[in-house]
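Residues 3 to 386, numbered by my numbering, are exactly what the sequence shown covers, in order.
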Amino acid sequence: MIYKEEFAKDYPGEVFDEENLKPIQITQQEITDFGRIDDVLDRFLRTQLADIPERLKESYPDVNTKLIESILDGFVTEDGTKRPVQVTEEDGGDKGHNLIHLPEGEGPFFQGVAPPAIPVETFSVILHELVKSRLIRYNEEGMELAHDTLAALIDKRRGHEQRIKKDFQKLYNALQNTNSKLDKQQIITYERYFPILKVDPKLEAFIEESEAEVRRKEEAEEFARQEKIRLKEERLQAELKAEQARRTKQKALIRAIGGGLIVSLFFLVIAAVSYFNAVEQRKIAVEQKDKAQRNLKDSYASQSNTVQLKVADLETRGDNLREREPGLSAEKYEKAIQELDQLIVKITNSEVEFSTDTLMEKYKSLEIKLEEVKEERNLMTTSR
3 MIYKEEFAKD YPGEVFDEEN LKPIQITQQE ITDFGRIDDV LDRFLRTQLA
53 DIPERLKESY PDVNTKLIES ILDGFVTEDG TKRPVQVTEE DGGDKGHNLI
103 HLPEGEGPFF QGVAPPAIPV ETFSVILHEL VKSRLIRYNE EGMELAHDTL
153 AALIDKRRGH EQRIKKDFQK LYNALQNTNS KLDKQQIITY ERYFPILKVD
203 PKLEAFIEES EAEVRRKEEA EEFARQEKIR LKEERLQAEL KAEQARRTKQ
253 KALIRAIGGG LIVSLFFLVI AAVSYFNAVE QRKIAVEQKD KAQRNLKDSY
303 ASQSNTVQLK VADLETRGDN LREREPGLSA EKYEKAIQEL DQLIVKITNS
353 EVEFSTDTLM EKYKSLEIKL EEVKEERNLM TTSR
């Protein structure tokens, strides 16, 4: 870079020829003024990116600065450091240079500008020009950037799309190592960049497989969701039917209980009425019994009074008899009086019940005995 500028000063009007370099003088001040090494490399890189298409425009008119930048980008990692690239070469025949081939899997690193995206001859001639420009050099494994600083400069020149391509390439490599595909969120993130990413056939196939996988997962999730809804609805319907059946059974039970309750109440009322009737009848019966007992007692009392009166009469008659006939049948008379006294005691006892017939029979028996006493007395009187 500095040589070309000094050459133009020392040899004004002459054409610079890299094959026939002429001596120049460079002072320390000129070196100092030229700037730091990274500034120098940056100007050098920009100059070469402009010069190479100019040199190749007659034979390769499609070569431009952007194409060269994309090829250089393949020699830089996602982190902005040098990335060595393995290459193989074969004789190019009458093309004037060897054909350079990349191993399988390297194409995506060159952002869709490596063969077969572009002719291998075009790709090869650009690499040869980059070597001549001392931007790329050969190493034991293949090719790499000539300076570490160039990697940082190229990384700074990366546009937004280039960075997207690099980021996606890094993601692609990581997913390939785990035999995985893009998930839904990753597809959403890079979806608007798919047109520039699908330039590479391998990336295009990978993206389409990922989209198909996401669709399968979404369909499976939707099916599972619908199945869950269906099962829930079936469960709710079953619960509703069970509840309806329970209510129907409950209503039937209530109707049955209600009917039975009415019948039970009917019989209960009848039983209650019967019970109260029975109680009333029993009360009436008790009252009637009490009344009968009172009447009987009154009858006994009346009869007892009658007997007592008659007994008193008998006693009077007996006393008269004993006074008049003290020795006649006194024992029989006394026995009759004792029996009558005992009968009177029984009649006046409320706990013992006697019929009128029994009382009268006793009374008549007593009268008969008294008559016997009279007859004996008469007989005794006659015999005298």
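In this text, a Cβ means the ideal position worked out from N, Cα and C, and glycines have one as well. Source: prediction; values computed, not measured.
The stretch 69 to 79 / the stretch 159 to 170 touching (three or more Cβ pairs under 8 Å): Segments in contact, yes.
Rounded to a whole number of angstroms, what is the C-alpha to C-alpha distance between P110 and S126? Computed Cα separation, rounded: 17 Å.
For the alpha helix (DSSP H) holding T67, just list the boundary residues, first then last. Note, T67: alpha helix (DSSP H), 67 to 75.
Assigned exposure category for G76 - 16 Cβ within 10 Å defines buried: Buried, because 16 or more other Cβ atoms sit within 10 Å of the Cβ of G76.
Pick helix, strand or coil for R139, following the three-state DSSP scheme. In the displayed model, R139 falls within a strand according to three-state DSSP.
Compare the beta carbon distance of R136 and A153 with 8 Å and say whether it is the shorter of the two. No, Cβ-Cβ distance for R136 and A153 is not below 8 Å.
For G161, which beta-bridge partners are listed by DSSP? Beta-bridge partners assigned by DSSP to G161: none are found.
List the endpoints of the continuous beta strand (DSSP E) containing H130. It is not in any beta strand (DSSP E) - H130 instead sits in the alpha helix (DSSP H) that spans 122 to 134.
Check the DSSP bridge columns for E146 and list the partner residues they point to. E146 pairs with R139.
Quick check on E223: does DSSP put it in helix, strand or coil? DSSP places E223 in helix when its eight states are reduced to three.
Can you find the residues in the same chain that come closer than 6 Å, C-beta to C-beta, to Y195, ignoring five residues on each side of it along the sequence? Cβ within range, chain order: I166.
Excluding the 5 residues flanking K168 on each side, which residues of the same chain have their C-beta closer than 6 Å to its C-beta? Hits under 6 Å: E80.
Between V65 and P55, how many whole angstroms is the CB-CB distance? I'm expecting something under 8 Å. Confirmed, about 5 Å.
Between the CA atoms of I272 and S352 - distance to the nearest angstrom: Note that S352 has pLDDT 45, beneath the 50 cutoff, so the model's placement of it is unreliable and the number below is only indicative. Cα-Cα distance, rounded: 41 Å.
If you measure between the beta carbons of V87 and E108, is that distance less than 8 Å? Contact: yes.
For the structure I just gave you, are there three or more beta carbon pairs, one from the stretch 170 to 184 and one from the stretch 210 to 218, closer than 8 Å? These segments touch.
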